[in-house]
Amino acid sequence: MKRLTVFLGLLLLADPAFAVDRWNVGIIAPTSGALSTVGTRQLSVVQWWAQDINAKGGIRGRQINLIHCNDEASPEKSVTCVRDLIGRGVVLLLNASITGPILAAMPLLQNGPVMVTPSPNVVPPANSYVFQTSPSDLELTKAIAAYAQANGVNHIAMVASTDASGEVGVTSAAAVFPKEGIVYKLARIDLRASDASIQLANVVSDGASLIYSNYSGGGAATVVKSYSNFGFEHPLLVSYANISDSFLRLVKDDMPKRLLAVGLKAAAPELVTDAADRAHLDYFTNSYLAWKNEPVDHLSILGLTMADFATAVLEHVDDPANPAAVRKYVESNPIASVATLHFSAQSHVGLSASDVVVLEYNKGHWEKAGPPK
Amino acid sequence: MSPLSQAIVSGMISGTIYVLLATGLIIAFQTTRIVNLAHGETYSIAGLVTAAVAHAGLPVALAITVGIASAVVYSVAIERALLRPRANWPVSSLILISLAAAFLSRGVLLVVFGPDAASFKRIFAGAPFRVAGGIIPQQGFWLVIIGLAAALVTAQLLTRTRIGKQLRATAENADAAQLLGVNVDAARMISFALAGLLGGLSAVLLVPLISVDYQAGLGMTLRGFIAASLAGMSPFGAIFGGLALGLAEALVTTYFGALAQDPIIFIVLIAVALWQSRHVQFGGSVRA
Chain A
0 MKRLTVFLGL LLLADPAFAV DRWNVGIIAP TSGALSTVGT RQLSVVQWWA
50 QDINAKGGIR GRQINLIHCN DEASPEKSVT CVRDLIGRGV VLLLNASITG
100 PILAAMPLLQ NGPVMVTPSP NVVPPANSYV FQTSPSDLEL TKAIAAYAQA
150 NGVNHIAMVA STDASGEVGV TSAAAVFPKE GIVYKLARID LRASDASIQL
200 ANVVSDGASL IYSNYSGGGA ATVVKSYSNF GFEHPLLVSY ANISDSFLRL
250 VKDDMPKRLL AVGLKAAAPE LVTDAADRAH LDYFTNSYLA WKNEPVDHLS
300 ILGLTMADFA TAVLEHVDDP ANPAAVRKYV ESNPIASVAT LHFSAQSHVG
350 LSASDVVVLE YNKGHWEKAG PPK
Chain B
0 MSPLSQAIVS GMISGTIYVL LATGLIIAFQ TTRIVNLAHG ETYSIAGLVT
50 AAVAHAGLPV ALAITVGIAS AVVYSVAIER ALLRPRANWP VSSLILISLA
100 AAFLSRGVLL VVFGPDAASF KRIFAGAPFR VAGGIIPQQG FWLVIIGLAA
150 ALVTAQLLTR TRIGKQLRAT AENADAAQLL GVNVDAARMI SFALAGLLGG
200 LSAVLLVPLI SVDYQAGLGM TLRGFIAASL AGMSPFGAIF GGLALGLAEA
250 LVTTYFGALA QDPIIFIVLI AVALWQSRHV QFGGSVRA
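One line per chain: the protein sequences are A and B, in this order.
Taking numbering that gives the first Met the number 0, the leading residue of the first sequence gets 0, the next gets one more, and so forth.
Taking numbering that gives the first Met the number 0, the leading residue of the second sequence gets 0, the next gets one more, and so forth.
Written as structure tokens, this is what we have:
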């Protein structure tokens, strides 16, 4: 019996998840299934972060032990992932999935651990252990409204998908645009649609001067390609998740005359004015390129905000496994990233409309967008 | 701009793709009695292979040839390696095997091509045609012409030619067909090759207008199957079934919104299935 106990003890110690000298950090990222691009890219960034930290000796003497779970962007599998990772003793959960699966995971975290996600469609309750490192979709919509107002645009055509993310976009548009005096016409598009010309014909026919597609991945390419068939002069504004090389590769043969996107200022590094934030972004950009041989895009930057959150918590909270202590620290201390994350007891969303800008793709890179006309 | 005209244009484009997919499913069904649930993978494979070859800098014509050839090889491999050795198994088991093949193919495509969607340059570029307030890109116009022509030729082949009759005879009674001199194995291989050709053709015509990723196949199988069901698994009926499905989707989206599309289409599908099975009783016996 004694031998068996010793053997089992050794087995437990051999499992990295139970090693006492490591920080067990869970990452949920869909690496297959719908929208696996989102998960794959953010997972790569978090893996880069772990090896970068470990190469420098870890945090407070402990190495990062990253434990990945692929939720396939499925709410059911997301719940299984959370249960599994909690069972494996993670002190923090990073969630690089999409809206539905993240929302499905949240009820399981009433007693911790703390979970962080960059999904703009998730607005965690302020009394929860969930934090969000992006601006919310509402803030992104406010940034679009500010751009429209600053440029005299009072009529927007909008195409939104029929999934959970599209629903959030529709709610944000209804909350922001009318209040700002902007008329908008909306058409929904099915995720499996092989053409978006019906939607574009419906929303553009009465004279909008800006077209906003709140859609990501392959579906967003369908909108861009259908848009190019019409030969519109209006700028096409695409959503947060489309500021990526993979998306640009997809639409390069059907590029609109002007392609805009709403995103973090860090997507155009020259817009990052804080010297420390810029240095951090430059270090990440160069180091990640050298490590992965893949250029940084907006999704990578979102992954970095999660990693920066984790670094701050592991560096400054005595017991990161204590969710109340983590929440208290995060709510009362700004966190340095590509822009400073500010959480409070009233809001668990780290960035706001002021961290967002409407960008334009021009000659191979993203820059601040000029007027639409 | 006329929403009705645009709906008709859009419906014709998607409908033609459904026609090609349905015809591919029907041709395999007509020779084996198996609904090949891996058929949509021919679309994904052809689309991804074509995009990869085109991105490698080779001419689009060569990329398309390689893409379609890969779909044909895949389809024949399904028949030769998975279905033929189990020809005496129950049909339901073989359908499940084809479903397993579809999932396996998705995994392989993910590993080989990665999770990102892909696309390639249009074959037919140039200014779109403007018809009655609707806009049809040249690629879309030729997609409809080529797609419907291919489906018509296939339907003619199946129903009006000697080889077509031989293909169908293998499904009705393989043993009897063999006794009459039909090479059953060759007939089934030809039918799966044709199905792969149609699946590959649908990809090279449609993908330049949208994109394709490793998991597009099952969705395409489902749409082709709905069109084939509407057509009562008849090759000529597939032309009407596919176009009706495409136009119905487009018109529902235009006048009721995209959220209404699935509920309405599936209600219609259930109604059609009930109507088609009105003579069928328990166990499939015919009503007195």
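Beta carbons: idealized from backbone N, C-alpha and C, even for Gly.
Check whether residue i and residue j have beta carbons under 8 Å apart
i: A/A28; j: A/N69; result: yes
i: A/E71; j: A/S31; result: yes
i: A/V261; j: A/V357; result: yes
i: A/L190; j: A/I210; result: no
i: A/V45; j: A/G302; result: yes
i: B/E248; j: B/S13; result: yes
i: A/K291; j: A/S43; result: yes
i: A/I58; j: A/L313; result: yes
i: B/V59; j: B/I134; result: no
i: B/L3; j: B/G146; result: no
i: A/P117; j: A/S135; result: no
i: A/L102; j: A/V89; result: no
i: A/P371; j: A/P234; result: yes
i: B/I77; j: B/A99; result: no
i: B/A243; j: B/L229; result: yes
i: A/S212; j: A/A219; result: yes
i: A/T39; j: B/S210; result: no
i: A/M105; j: A/S127; result: yes
i: B/A51; j: B/F102; result: no
Exposed unless 16 or more other CB atoms sit within 10 angstroms - verdict on residue i
i: A/D194; result: buried
i: B/Q155; result: exposed
i: B/I266; result: exposed
i: A/R82; result: exposed
i: A/Y239; result: buried
i: A/Y282; result: exposed
i: B/F255; result: exposed
i: A/Q345; result: exposed
i: A/L12; result: At A/L12, the pLDDT of 48 sits below 50, so the modelled position is not reliable; the number obtained from the coordinates is stated separately. Exposed: under 16 other Cβ atoms inside 10 Å.
i: A/V202; result: buried
i: B/Q138; result: buried
i: B/S284; result: With a pLDDT of 46 at B/S284, under the threshold of 50, the modelled position of this residue cannot be trusted; read the value that follows with caution. Per the 10 Å Cβ criterion, exposed.
i: A/Q41; result: buried
i: A/E232; result: exposed
i: A/V271; result: buried
i: B/S97; result: buried
C-alpha distance - residue i paired with residue j, whole-angstrom precision
i: B/A176; j: B/T30; result: 11 Å
i: A/A173; j: A/A144; result: 12 Å
i: A/L263; j: A/K184; result: 26 Å
i: B/F191; j: A/I97; result: 38 Å
i: A/F373; j: A/Y287; result: Since the first residue of chain A shown is 0 and the last is 372, residue 373 of chain A is not available in this structure.
i: B/T64; j: B/R129; result: 30 Å
i: A/T339; j: B/R105; result: 41 Å
i: A/Y214; j: A/L34; result: 11 Å
i: B/F140; j: B/A70; result: 23 Å
i: B/A124; j: B/A27; result: 33 Å
i: B/V90; j: B/R32; result: 7 Å
i: B/A259; j: B/T22; result: 27 Å
i: A/Y360; j: A/L258; result: 6 Å
i: A/L91; j: B/L36; result: 42 Å
i: B/V271; j: B/F224; result: 13 Å
i: B/L221; j: B/D184; result: 27 Å
i: B/M11; j: B/F119; result: 22 Å
i: A/L107; j: A/N53; result: 30 Å
i: B/F235; j: B/A150; result: 8 Å
i: A/N241; j: A/H297; result: 8 Å
Same chain only: Cβ atoms within 7 Å of residue i, ignoring 5 sequence neighbours per side
i: A/K141; result: V175 and A352
i: B/Y73; result: E40, T41, I44 and G195
i: A/S225; result: D194, A195, S196 and L199
i: A/G206; result: H154
i: A/A49; result: I63 and L65
i: B/A227; result: A21, L24, I25, A237 and G240
8 Å contact criterion, which residue i and residue j should meet: CB distance rounded
i: B/G241; j: B/Y17; result: 4 Å
i: A/V329; j: A/F130; result: 6 Å
i: A/S160; j: A/I188; result: 6 Å
i: B/I25; j: B/L246; result: 20 Å between Cβ atoms; not a contact.
i: A/P268; j: A/G111; result: Not quite, the Cβ-Cβ distance comes to about 35 Å (not below 8 Å), so this is no contact.
Proximal residues to residue i (C-beta, below 6 Å), its chain only, five neighbours per side dropped
i: A/A311; result: I334
i: A/G349; result: T132, L340 and F342
i: B/L193; result: I26
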